[in-house]
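A short worksheet on the structure shown next.
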Amino acid sequence: KKKENNALLRYLLDKDDV
Amino acid sequence: ASMNIGFSQLSMLPHLADLVSYSIQKVIGFAKMIPGFRDLAADDQIVLLKSSAIEVIMLRSNQSFTLEDMTWTCGSDDFKYRISDVTQAGHNMDLLEPLVKFQVGLKKLNLHEEEHVLLMAICILSPDRPGVQDTALVESLQDRLSEILQSYIRCRHPGPGSRLLYAKMIQKLTDLRSLNEEHSRQYRCLSFQPQHSMQLTPLVLEVFGNEIS
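From first to last, the protein sequence lines stand for chains A and B. In short: position in the first sequence from 1, add 68, done, that's the numbering used here. In short: position in the second sequence from 1, add 14, done, that's the numbering used here.
Printed below as a string of structure tokens:
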């Protein structure tokens, strides 16, 4: 459950900003 | 009548929810550029962002806040946000009265862009946020930013405006804590009502909390 938490934040943090 | 209708349906909620959701994405992008932020554990990055997001948005919005009519004027007058727009998104004067007061005080500091940017970075890297694990590392990063800010003011902010400026800026961070608490209280009431929480975005629900889940 913990891992699923904040999935959007984790994605936005990890994605490579152009 | 139009005010009542607006209020009951919170006619501005969808738009402001989108605006805040967009702004949160910008805050995340900004945080990722702060030296050292990406070296923090992912969980600490998340804790810092969730607790500071609304504060950074309040800080960032000061750029478009105008003392002339106490509104956030984003571009032409068509994109002018008044207090009434925010009340029609579900907030009340317990938040908006101190928020406008905060915006006026911050505007009157006439910060240089460099100072404004450093203040937002210092706000994000606050070691005393609930849930932070590596408080020592966060504190060391914040201290470094604070030293840079104090040096900048000493070297680049001439004249009377710089007297006690650093102390006044730190006081703004304290003001933001109580604005954050009032925002959270009002957000909780709003998000408890499904007819309103359904108008929020997934990112807003994740960052500010989704009572329903």
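Yeah, the Cβ is synthetic: ideal placement off N, Cα and C, and Gly gets one too.
Kindly give me the distance between the Cβ atoms of A56(B) and I138(B), rounded to whole angstroms, as I take these residues to be in contact under 8 Å. Their Cβ separation, rounded to whole angstroms, is 15 Å, which puts A56(B) and I138(B) out of contact at 8 Å.
What are the residues in the stretch 204-217 of chain B lying within 8 Å of chain A by C-beta distance? Correct list: P216 and L217.
Report yes or no: do the stretch 69-86 of chain B and the stretch 180-196 of chain B share at least 3 C-beta pairs separated by less than 8 Å? The stretch 69-86 of chain B is in contact with the stretch 180-196 of chain B.
Determine the DSSP secondary structure at K46(B), reduced to helix, strand or coil. coil
Between A103(B) and L27(B), is the Cβ-Cβ spacing less than 8 Å? yes
May I ask you to list, following chain order, the residues of the stretch 50-62 of chain B that have a beta carbon less than 9 Å from some beta carbon of chain A? R52, A56, D57, Q59 and I60
When the distance is taken between beta carbons, is K182(B) closer than 8 Å to L123(B)? yes
Can you tell me whether S227(B) is buried or exposed, with buried defined as 16 or more other CB within 10 angstroms of its CB? Residue placement at S227(B) is flagged as unreliable, the pLDDT there being 46, under the threshold of 50; the coordinate-derived value follows with that caveat. Looking at its Cβ environment, which holds fewer than 16 other Cβ atoms inside 10 Å, S227(B) is exposed.
Taking 8 Å as the CB-CB limit, is E69(B) close to chain A? no
Taking only the alpha-carbon atoms, compute the straight-line gap between E195(B) and S90(B) and give it to the nearest angstrom. 32 Å
Could you name the residues of chain A that V114(B) contacts, counting a contact when the two beta carbons are closer than 8 Å? Using a Cβ-Cβ cut-off of 8 Å, V114(B) is close to nothing in chain A; its nearest Cβ partner there is about 29 Å away.
I'd like the span of the alpha helix (DSSP H) that includes T85(B), first residue to last. That residue, T85(B), is in no alpha helix (DSSP H); its beta strand (DSSP E) goes T85 to T87.
For a quick check, are the C-beta atoms of D85(A) and G43(B) less than 8 Å apart? Yes. Within cutoff.
Pick from F116(B), D53(B) and R52(B): whose alpha carbon is nearest that of N76(B)? F116(B)
Please check if any C-beta of chain A sits within less than 8 Å of the C-beta of E6(B). Residue 6(B) lies beyond the range of chain B shown here (15 to 227); nothing can be said about it.
T188(B) (DSSP reduced to helix, strand or coil): helix
Hey, L77(A) and I60(B): beta-carbon distance below 8 Å or not? yes
Just to confirm, are V152(B) and L54(B) a CB contact at a threshold of 8 Å? yes
Determine whether the beta carbon atoms of T101(B) and L110(B) lie at a separation below 8 Å. Result yes, Cβ atoms of T101(B) and L110(B) sit closer than 8 Å.
At a Cβ threshold of 8 Å, is R78(A) touching chain B? Output row for R78(A): interface = yes.
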